[in-house]
Amino acid sequence: MDLAFFFVEWMGKPVWMWLSFLSIVVALLVFDLGVLHRDNHEIEVKESLLLSAMYISLGLAFGGWLWWQLGAEPGMNYLTGFVVEKTLALDNVFVIALIFSFFAVPRIYQHRVLFWGILGVIVLRAIMIGVGATLVAEFSWVLYIFAAFLVVTGIKMLVMGDKEPEIGQNPLVRFLRRRFNVTDEHHGQDFFVKKPDPRTGRMVWFMTPLFMALVMVEIADVIFAVDSVPAIFAITTDPFIVYTSNIFAILGLRALYFALAAMIHRFHYLKPALAIVLIFIGAKIFVADLLGLEKFPASISLGVTLAIIAAGILYSLWRTRRTEVPA
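Written as structure tokens, this is what we have:
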């Protein structure tokens with residue numbers, strides 16, 4: 002093979018950098034499914050926290066490598082994107098918990114749904130980021146639309162506060178139940194099961210609640226990506242940094258889910274902090290133009306983002322310090 006291929010630039014970075022990143026992701030997924038979770042078992046809080054620490058450490062280490070390889074500004078942009086995407090992913094935990102509760106998914110099979118869900122996320126985010134990168138490269142004004150959208154979204158989050166989505170009234174859930182065979186009973190870890198048709202008695206395939214939960218988790222990620230993809234593009238337009246920070250932030254979500262689901266009530270005030278972060282990230286695009294700056298300083302962007310999120314976490318923990326765990 003001609004080694005020159007590995008040094009050909011693709012979307013702004015040499016092919017070897019993209020292949021290195023994808024190799025890490027594949028290795029982590031194989032290690033997760035083939036070693037850590039070869040047998041289905043309930044993931045306890047301690048295991049969840051240890052796995053999360055591993056994924057966060059790997060994500061930060063990758064950011065350190067980018068800092069060393071590409072320089073301080075790309076490194077800080079990656080870390081800012083990683084922190085923002087991680088925080089947005091935490092907000093997604095609440096919705097996933099509602100989905101699992103609605104479909105009564107046993108804890109022992111929840112990791113299976115999250116694992117296959119992450120594969121869909123990797124593909125869906127690649128498509129959305131690819132489209133976003135193309136639009137920004139061809140039409141620079143699209144970045145201002147992203148920025149304005151973030152500001153409006155942040156203000157909306159502050160005004161509306163928390164509102165539980167009604168899973169049962171979701172149009173997709175009603176469509177699937179109306180158009181396809183869906184069983185209300187779980188059948189172990191199977192997404193599909195063959196059962197007699199109540200009308201004809203013939204053996205036909207039915208979707209299980211586990212598959213319905215997987216579909217809803219994927220849809221939830223698409224909805225959250227509508228916020229997260231513009232957010233990272235408002236930080237940097239480098240497709241490599243955008244995609245890697247996205248994926249590393251999401252990779253550890255399924256590990257962190259089991260710990261966060263048990264103490265999500267302690268982070269009640271994190272959402273307003275996240276709303277302020279979105280407003281800040283969107284507004285800095287316009288502020289940079291008003292100040293005549295080519296780019297908003299990466300160091301200030303990272304510092305302000307960390308300060309707002311840290312304040313939201315600490316305030317939440319302080320306000321809920323006497324709150325009992327919901328039954």
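Using the numbering used here, the first residue of the sequence shown is number 2, and each one after it goes up by one. Backbone N, C-alpha and C fix where the C-beta goes; we use that ideal spot for every residue, glycine too. Only a predicted model underlies this, so the values are computations on that prediction, with no experimental measurement involved.
Please state the DSSP three-state secondary structure of residue i.
| i | result |
| --- | --- |
| residue 205 | strand |
| residue 295 | coil |
| residue 310 | helix |
| residue 327 | Note that residue 327 has pLDDT 49, beneath the 50 cutoff, so the model's placement of it is unreliable and no number is given. |
| residue 273 | helix |
| residue 193 | strand |
| residue 15 | strand |
| residue 218 | helix |
| residue 10 | strand |
| residue 223 | helix |
| residue 278 | helix |
Which same chain residues end up closer than 7 Å to residue i when comparing Cβ atoms and leaving out the 5 residues on each side of it in sequence?
| i | result |
| --- | --- |
| residue 231 | 147, 150 and 151 |
| residue 97 | 218, 221 and 258 |
| residue 255 | 112, 115, 116 and 119 |
| residue 322 | none |
Can you grab the Cα-Cα spacing for the pair residue i / residue j, in whole Å?
| i | j | result |
| --- | --- | --- |
| residue 70 | residue 28 | 22 Å |
| residue 295 | residue 289 | 7 Å |
| residue 242 | residue 109 | 35 Å |
| residue 279 | residue 158 | 10 Å |
| residue 204 | residue 252 | 38 Å |
| residue 212 | residue 227 | 23 Å |
| residue 261 | residue 48 | 12 Å |
| residue 86 | residue 202 | 49 Å |
| residue 208 | residue 191 | 9 Å |
| residue 1 | residue 30 | Residue coverage of the chain in this structure runs from 2 to 328, which leaves residue 1 outside it and unanswerable. |
| residue 170 | residue 317 | 31 Å |
| residue 18 | residue 271 | 34 Å |
| residue 138 | residue 130 | 12 Å |
| residue 235 | residue 144 | 7 Å |
| residue 141 | residue 52 | 40 Å |
| residue 179 | residue 173 | 10 Å |
Confirm, please, whether the CB-CB distance from residue j to residue i is below 9 Å.
| i | j | result |
| --- | --- | --- |
| residue 313 | residue 274 | yes |
| residue 309 | residue 287 | no |
| residue 239 | residue 78 | yes |
| residue 80 | residue 61 | yes |
| residue 59 | residue 249 | yes |
| residue 116 | residue 198 | no |
| residue 315 | residue 84 | no |
| residue 135 | residue 276 | no |
| residue 233 | residue 121 | no |
| residue 100 | residue 26 | no |
What residues in its chain sit with their C-beta under 6 Å from that of residue i, if we drop five residues either side in the sequence?
| i | result |
| --- | --- |
| residue 8 | 15 |
Among residues of its own chain, excluding the 5 on either side of residue i, which ones have a beta-carbon nearer than 8 Å to its beta-carbon?
| i | result |
| --- | --- |
| residue 187 | 105, 106, 107, 110, 209, 210 and 211 |
| residue 76 | 64, 65, 67, 68 and 69 |
- request: Please list the segments of the alpha helix (DSSP H) lying wholly inside the stretch 52–132, counting only runs of 4 or more residues, in order along the chain.
  value: Qualifying alpha helix (DSSP H) stretches, in chain order: 73–103.
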